[in-house]
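K.L.:
Residue numbers (numbering that gives the first Met the number 0), protein chains in the order written: chain A, 0 to 201; chain B, 0 to 201.
Heads up, the beta-carbon is just placed ideally off N, CA and C, and yes, glycines get one too.
The structure's right below; bear with me while I get my questions together.
Number of protein chains: 2
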Amino acid sequence: MRVSACKTTQVIKKGDTIFEEGDTLNGIYCIRDGVCKMTKLSENGKDQVVKLALKGGMIGQRSLVSGEPSNLTATAVNDMQVCFVPRSEIIQDLQKNPDFSMDVLKNMAKDLKNSDDQLVDMAQKTVKQRLANTLVYIHQKFGSDENGFLVLTLSREDYASIVGTATESAIRILSQFKKQGLISTKGKQIKIEDETGLLRVE
Amino acid sequence: MRVSACKTTQVIKKGDTIFEEGDTLNGIYCIRDGVCKMTKLSENGKDQVVKLALKGGMIGQRSLVSGEPSNLTATAVNDMQVCFVPRSEIIQDLQKNPDFSMDVLKNMAKDLKNSDDQLVDMAQKTVKQRLANTLVYIHQKFGSDENGFLVLTLSREDYASIVGTATESAIRILSQFKKQGLISTKGKQIKIEDETGLLRVE
DNA sequence: TTAAATTTATGATATTTGTCATAATATACA
DNA sequence: TGTATATTATGACAAATATCATAAATTTAA
Numbered sequence: 000m001r002v003s004a005c006k007t008t009q010v011i012k013k014g015d016t017i018f019e020e021g022d023t024l025n026g027i028y029c030i031r032d033g034v035c036k037m038t039k040l041s042e043n044g045k046d047q048v049v050k051l052a053l054k055g056g057m058i059g060q061r062s063l064v065s066g067e068p069s070n071l072t073a074t075a076v077n078d079m080q081v082c083f084v085p086r087s088e089i090i091q092d093l094q095k096n097p098d099f100s101m102d103v104l105k106n107m108a109k110d111l112k113n114s115d116d117q118l119v120d121m122a123q124k125t126v127k128q129r130l131a132n133t134l135v136y137i138h139q140k141f142g143s144d145e146n147g148f149l150v151l152t153l154s155r156e157d158y159a160s161i162v163g164t165a166t167e168s169a170i171r172i173l174s175q176f177k178k179q180g181l182i183s184t185k186g187k188q189i190k191i192e193d194e195t196g197l198l199r200v201e
Numbered sequence: 000m001r002v003s004a005c006k007t008t009q010v011i012k013k014g015d016t017i018f019e020e021g022d023t024l025n026g027i028y029c030i031r032d033g034v035c036k037m038t039k040l041s042e043n044g045k046d047q048v049v050k051l052a053l054k055g056g057m058i059g060q061r062s063l064v065s066g067e068p069s070n071l072t073a074t075a076v077n078d079m080q081v082c083f084v085p086r087s088e089i090i091q092d093l094q095k096n097p098d099f100s101m102d103v104l105k106n107m108a109k110d111l112k113n114s115d116d117q118l119v120d121m122a123q124k125t126v127k128q129r130l131a132n133t134l135v136y137i138h139q140k141f142g143s144d145e146n147g148f149l150v151l152t153l154s155r156e157d158y159a160s161i162v163g164t165a166t167e168s169a170i171r172i173l174s175q176f177k178k179q180g181l182i183s184t185k186g187k188q189i190k191i192e193d194e195t196g197l198l199r200v201e
């Protein structure tokens, strides 16, 4: 992390991409502020969110380590500040500093575990359960504002592409959750009313 | 890889586990021969195959690096020979040998990419497409014997748990592929008849 | 502030997939 | 070599999810 005594702080506006699938990355990005979604375009033309990256996180390591072009697109979900650390610096540090290597390894191990867990959920849980889990995740990770609404505001389409379903299905299930008193909504804003209930969804 | 001038070569019989979800690993296993499936038990009680590991591969690195218990169970799909490299040796090497660290990093980066790709497929492709892809993958990875049957023989249940579906659904789709002339079967053995066709399945 | 554009919402219907039952095969083993 | 056991196969039906249409609400931007 001390690598990120970084020079260039970039501002990325909501909806803009930091890099895209296929881009060759000459370094990694550390997120100073804001949130971005890491997506992959599937053959059917839909974007699938693989991961949300937030303040303090790094993106682009995988591609940097493997030397391959990125397999994911990074898009700002809200306004962001990122700083860029060039490839050369990282590689140098990886060579010289075993502790840093270990840190990066641990980080990647964590990503890998998450990815495996998500894979299992995707395969075995219903859309309803995945959506409920996503809501709880976002609540726990980003919290709620003074009115109780989730701080991170995502479109229904974003939720659908995290959960891996059609936008209409996501909307329909949110409506159902609303009827069951598990959440309430105001426009695109969502308030968690019953977290335990959400985790119990079948 | 030179680490694996290993001492203890273990023989694991088909169906036996090398380690299980929750086990604390005191080292990693290098696969000398055979194939194992890495699975995770989902809440609904079904095993989900996350990865197949084969000759030349290592298993248990993630857990070793993160220091956490394994999140996966490793089960031999056929008779195996594995050799165990104790944690201490690996850690030492990681500290001293930056090239080795880089190798492990690259390995993990590859796993991570695979996992992400699989996640997207799981979310966006139909069961039929996933099963077709799995057949092609197994064909390309393990080849066919003199009679044209896939060398790696998996049960329909295994296929189902790779693809993330019910065993009956996997069987049904295989029957369908058979009718379409994409594959033929003899007991649990499968022969790929039309690989291009399999890749075109919708 | 208001009109246009986007997003959310919901109905009707088709398709996919899961579940339970039961039969037919194949495999393992005494 | 036969018999028990496990696996593969298939039908009937239920449940989950996708798709297409269209309306309502909200957000954006002129």
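Any beta carbon from chain B within less than 9 Å of residue 56 of chain A's own beta carbon?
P.N.:
Closer than 9 Å: no.
K.L.:
State yes or no: is the beta carbon of residue 85 of chain A nearer than 9 Å to at least one beta carbon in chain B?
P.N.:
For residue 85 of chain A, the answer is no, since every Cβ of chain B falls outside 9 Å of its Cβ.
K.L.:
So is the beta-carbon of residue 69 of chain A under 8 Å away from any non-hydrogen atom of the ligand SAH?
P.N.:
What this structure holds is no ligand at all, so the ligand SAH is not there to describe.
K.L.:
My understanding is that residue 54 of chain A touches residue 30 of chain A, with C-beta atoms under 8 Å, so please give their C-beta distance in whole angstroms.
P.N.:
About 6 Å separates the two Cβ atoms, so the contact holds.
K.L.:
Is it buried or exposed, residue 199 of chain B, if we count other Cβ atoms within 10 angstroms and call 16 or more buried?
P.N.:
Exposed, since its Cβ has fewer than 16 Cβ neighbours within 10 Å.
K.L.:
What residue from B/38, B/45, B/14 has the CA that sits closest to residue 123 of chain A's CA?
P.N.:
Here the closest residue by C-alpha is B/45.
K.L.:
Pick helix, strand or coil for residue 166 of chain B, following the three-state DSSP scheme.
P.N.:
Three-state result, residue 166 of chain B: helix.
K.L.:
Verify whether the separation of the beta carbon atoms of residue 176 of chain A and residue 197 of chain A is less than 9 Å.
P.N.:
Yes, they are a contact pair.
K.L.:
Determine whether the beta carbon atoms of residue 60 of chain B and residue 11 of chain B lie at a separation below 9 Å.
P.N.:
No; because the gap between Cβ atoms is not below 9 Å, this pair is not in contact.
K.L.:
Using C-beta distances below 8 Å, list every residue in its chain close to residue 21 of chain B, excluding the 5 sequence neighbours before and after it, in chain order.
P.N.:
Around residue 21 of chain B: 68, 69.
K.L.:
Check the Cβ-Cβ distances between residue 109 of chain B and every residue of chain A, and say whether any is below 9 Å.
P.N.:
Yes, its Cβ sits closer than 9 Å to a Cβ of chain A.
K.L.:
Less than 8 Å between C-beta atoms, sequence neighbours within five positions excluded: which residues of the same chain meet that for residue 57 of chain A?
P.N.:
Closer than 8 Å at the Cβ level, and outside the excluded window around residue 57 of chain A, lie 27, 28, 29, 30, 106.
K.L.:
Quick one: is residue 91 of chain A buried, meaning 16 or more other Cβ sit within 10 Å of its Cβ, or exposed?
P.N.:
Counting Cβ neighbours within 10 Å, residue 91 of chain A comes out exposed, since fewer than 16 surround it.
K.L.:
Roughly how many angstroms lie between the CA atoms of residue 40 of chain A and residue 9 of chain B, to the nearest whole one?
P.N.:
Their backbone Cα atoms lie some 42 Å apart in a straight line.
K.L.:
With residue 72 of chain B and residue 23 of chain B assumed to form a contact (beta carbons below 8 Å), what rounded beta-carbon distance in angstroms separates them?
P.N.:
Rounded, the Cβ-Cβ distance is 14 Å, inconsistent with contact.
K.L.:
Using 9 Å as the limit for Cβ to Cβ distance, is residue 121 of chain A near chain B?
P.N.:
Chain B, which has a Cβ nearer than 9 Å to the Cβ of residue 121 of chain A, makes this yes.
K.L.:
Quick check on this structure: which residue in B/188, B/142, B/166, B/161 has the alpha carbon closest to the alpha carbon of residue 49 of chain B?
P.N.:
Here the closest residue by C-alpha is B/161.
K.L.:
To the nearest angstrom, how far is it from the Cα of residue 16 of chain A to the Cα of residue 25 of chain A?
P.N.:
Taking the straight line joining both Cα atoms gives about 16 Å.
K.L.:
Since residue 75 of chain A and residue 14 of chain A should fall inside the 8 Å C-beta cutoff, what is the C-beta to C-beta distance between them, to a whole number of angstroms?
P.N.:
At roughly 6 Å, the Cβ-Cβ gap stays under 8 Å, so residue 75 of chain A and residue 14 of chain A are in contact.
K.L.:
Within 8 Å, do at least three Cβ pairs link the region 138-151 of chain A to the region 178-198 of chain A?
P.N.:
Segments in contact, yes.
K.L.:
What is the residue span of the beta strand (DSSP E) that residue 149 of chain B lies within?
P.N.:
First-last for residue 149 of chain B: undefined, no H or E at that position.
K.L.:
When you compare the CB positions of residue 163 of chain B and residue 101 of chain A, do they come within less than 9 Å of one another, or not?
P.N.:
Their beta carbons are not under 9 Å apart, which means residue 163 of chain B does not touch residue 101 of chain A by this criterion.
K.L.:
Given a cut-off of 9 Å on the beta-carbon distance, is the pair residue 181 of chain B and residue 111 of chain A in contact?
P.N.:
No.
K.L.:
What in chain A is Cβ-close to residue 71 of chain B, meaning under 8 Å?
P.N.:
In chain order: 115.
K.L.:
Would you decide whether residue 128 of chain A is buried or exposed? Buried here means 16 or more other CB atoms lie within 10 Å of its CB.
P.N.:
Buried, since its Cβ has 16 or more Cβ neighbours within 10 Å.
K.L.:
Of the residues that make up the region 85-99 of chain B, which ones have a beta carbon closer than 8 Å to any beta carbon in chain A?
P.N.:
Answer in chain order: 93, 94, 95, 97.
K.L.:
Below 8 Å between beta carbons is the criterion; list the residues of the region 132-144 of chain A that meet it against any residue of chain B, in chain order.
P.N.:
From the region 132-144 of chain A, no residue has a Cβ closer than 8 Å to chain B.
K.L.:
Apply the 10 Å Cβ neighbour rule to residue 117 of chain A and answer buried if 16 or more other Cβ atoms are within range, or exposed otherwise.
P.N.:
Buried: at least 16 other Cβ atoms inside 10 Å.
K.L.:
Sorted by chain position, which residues of the same chain lie with C-beta nearer than 6 Å to residue 62 of chain A's C-beta, five sequence neighbours on each side aside?
P.N.:
These residues qualify, in order along the chain: 24, 69.
K.L.:
Roughly how many angstroms separate the alpha carbons of residue 19 of chain A and residue 173 of chain A, rounded to a whole number?
P.N.:
Between residue 19 of chain A and residue 173 of chain A, the C-alpha separation is close to 30 Å.
K.L.:
Would you say residue 186 of chain A lies against chain B (beta-carbon separation less than 9 Å)?
P.N.:
Not one chain B Cβ lies under 9 Å of residue 186 of chain A.
K.L.:
Taking only beta-carbon positions, decide if residue 163 of chain B is within less than 9 Å of chain A.
P.N.:
Chain A, which has a Cβ nearer than 9 Å to the Cβ of residue 163 of chain B, makes this yes.
K.L.:
With which residues is residue 73 of chain A paired in a DSSP beta bridge?
P.N.:
A/18, A/37.
K.L.:
In angstroms, rounded to a whole number, what distance separates the CA positions of residue 84 of chain A and residue 5 of chain A?
P.N.:
About 7 Å.
K.L.:
At 8 Å on the CB atoms, spell out the chain A contacts of residue 65 of chain B, in chain order.
P.N.:
Simply 105, 108, 109, 112.
K.L.:
Any idea what DSSP makes of residue 51 of chain B, helix, strand or coil?
P.N.:
DSSP places residue 51 of chain B in strand when its eight states are reduced to three.
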